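Data block below; observations after.
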Amino acid sequence: MLPLLQHLSASAAASLITSTVEAALLAISVAICLRLIPDLSATVRSILWTAVFLVAAALPFLTPTASGSPSTSTATPIALSIDWAIGIAAFWAALSLFRIAQLLRSAVHLNGVARRSELIISDAASHAPIATSTEIDIPCVAGFFAPRILIPTSLYAALPPSELAQIITHEQAHLNRFDHWTNLLQKLLIALYPIHPVLLWIERRLCIERELACDDAVLRQTGARKQYALCLTNLAENGLARRGFTLALRAWERQSELTRRVLRILEVPTRQLRPTQSAAVVATLLAALTTGATTLAHTPQFISFSTPEAPQSLHESLRAPSIAELHRDGWDVNSHPATFTPTTKPTMVNTSMELPTKPKKSLTKLKPTKKHSTPITQAALRQTQPQQWIMLTTFQSTEAPAHYHQAIFQISDATYAAVPTQAGWLIIEL
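Below, the structure is given as structure tokens:
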């Protein structure tokens with residue numbers, strides 16, 4: 001059980017860290033491209049950030065993990081202890097469970113608010129049903145299959161009809177864009193990756209572009225920029241007053257999201273790209289995003305987690321590696337079955353031996369004639385030559401016979417016999 005837990009923790013932690021770096025590269029590249037093309041509408045930017053968000057969430061599954069296949073990369077990953085992987089995986093799992101429980105609680109609460117709300121308009125053809133509730137502070141959309149627009153009861157009574165119509169138009173734009181479904185997908189992925197900083201940053205950018213796209217929809221329908229900016233300001237005052245805050249716009253403080261929206265609405269509208277140009281830009285950036293994600297997904301991990309190896313014994317260190325271990329280390333080894341058939345027949349062995357050019361002098365010089373040369377004499381002469389080296393040109397393993405055969409030599413016409421002594425050879429005439 002423990003080895004399996006260590007393997008899963010190491011794979012999850014390494015994939016998360018590697019995919020975070022890869023997602024950061026993709027997000028930075030897309031952000032630079034969008035900065036270089038300022039004429040893109042908020043709708044186009046929201047589409048691109050949605051694609052980046054989905055690709056970043058899929059990168060941990062596309063990143064290669066440690067397996068038995070040999071790696072083609074020469075880079076050595078950073079090795080960390082398996083304890084780090086277990087700690088990261090445990091913190092990830094705990095925070096993910098907390099986020100999922102929080103998301104379920106929020107969904108149940110919003111569903112209960114929608115059921116307890118008071119329906120005001122239910123038969124409008126241009127927008128979803130409208131209801132008021134005392135349990136919310138800002139307008140929102142509740143429900144997925146039968147959504148309705150919820151408006152705070154106090155806000156519904158305080159706002160003039162023109163501003164109320166603008167709020168309804170804004171919320172209906174979310175429904176027309178299916179933002180309630182994409183927002184659900186966002187929250188689920190964020191709950192699964194609660195410690196993915198790049199994914200959290202992309203989700204933030206996506207939410208901003210979504211609100212700006214709905215603001216553009218309101219301005220296209222009404223054309224009243226100042227009135228809509230005033231409506232957002234009144235909406236913020238109504239919601240923030242209950243929390244004890246004031247809506248202060250100060251140059252030395254960081255502008256809030258609502259402040260940027262109001263300033264963007266009041267600015268002179270800039271020229272935007274035509275639909276065909278926007279479609280070409282979206283297609284190009286999506287193709288580049290797909291290519292970049294595919295390339296990054298095939299890059300090896302730059303970090304690995306492993307357990308410290310125990311010292312091996314002498315027998316284990318001298319053991320020859322198996323075929324599976326050679327494959328794991330990247331060697332291309334092919335094994336074929338082999339058979340061995342023993343034979344009892346003797347096999348001639350071809351050898352070569354280098355002899356000295358000048359033999360050693362002996363006490364008795366032997367000058368045998370060809371006529372009186374015998375095998376014993378030739379063997380005796382060969383033993384006087386010092387052997388330098390022997391090279392085997394062929395070798396074949398044979399099985400020795402189970403019994404010995406007596407060798408009988410018949411010598412004819414022998415007139416001399418050679419006997420080795422300490423001083424040389426003694427020649428005896430027969």
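For the sequence shown, counting from 1, position 155 maps to 155 in our numbering; every step adds exactly one. Note that the Cβ used here is the ideal one computed from N, Cα and C, for glycine as well. If you're wondering where the values come from, they're calculated on a predicted model, not measured in any experiment.
Asked                                                                                                            : Found
Nonlocal neighbours in the same chain, by C-beta distance under 7 Å from V52, ignoring five residues either side : L26, A27, V30, I202, L289
Bridge partners - L426, DSSP secondary structure assignment                                                      : V419
Span separating the alpha-carbon of D216 from that of T259                                                       : 16 Å
Three CB pairs or more closer than 8 Å across the region 110-119 and the region 143-156                          : yes
Three-pair Cβ contact test at 8 Å for the region 164-180 versus the region 136-143                               : yes
Distance, H7 Cα to D179 Cα                                                                                       : 38 Å
Neighbour-count burial assignment, N176, 16 or more Cβ in a 10 Å radius                                          : exposed
With 16 other Cβ atoms within 10 Å as the buried cut-off, status of S122                                         : exposed
S11 versus L232 - alpha carbon distance                                                                          : 47 Å
Simplified DSSP state of A157, which is helix, strand or coil                                                    : helix
Distance, T132 Cα to E118 Cα                                                                                     : 5 Å
Neighbourhood of L62 by C-beta, 6 Å cutoff - its chain only, sequence neighbours within 5 removed                : A297
Buried/exposed call for H109, threshold 16 Cβ in 10 Å                                                            : exposed
Opposing strand residues paired with V141 [DSSP bridges]                                                         : I149
Separation of Q186 from L97, as counted between CA atoms                                                         : 16 Å
The alpha helix (DSSP H) enclosing T182, as first and last residue numbers                                       : 179-192
Span of the beta strand (DSSP E), counted from its first residue to its last, around L289                        : It is not in any beta strand (DSSP E) - L289 instead sits in the alpha helix (DSSP H) that spans 275-297.
Beta-carbon gap between L212 and R264 smaller than 8 Å                                                           : yes
Close Cβ partners of I120 (< 7 Å) along its chain, the five nearest in sequence each way excluded                : I130, A131, T132
Opening and closing residue of the beta strand (DSSP E) in which L119 lies                                       : 118-121
Counterpart residues of S132 in DSSP-defined beta bridges                                                        : Here the sequence assigns Thr to residue 132, which means Ser is not the residue at that position. Per DSSP, E118, I151.
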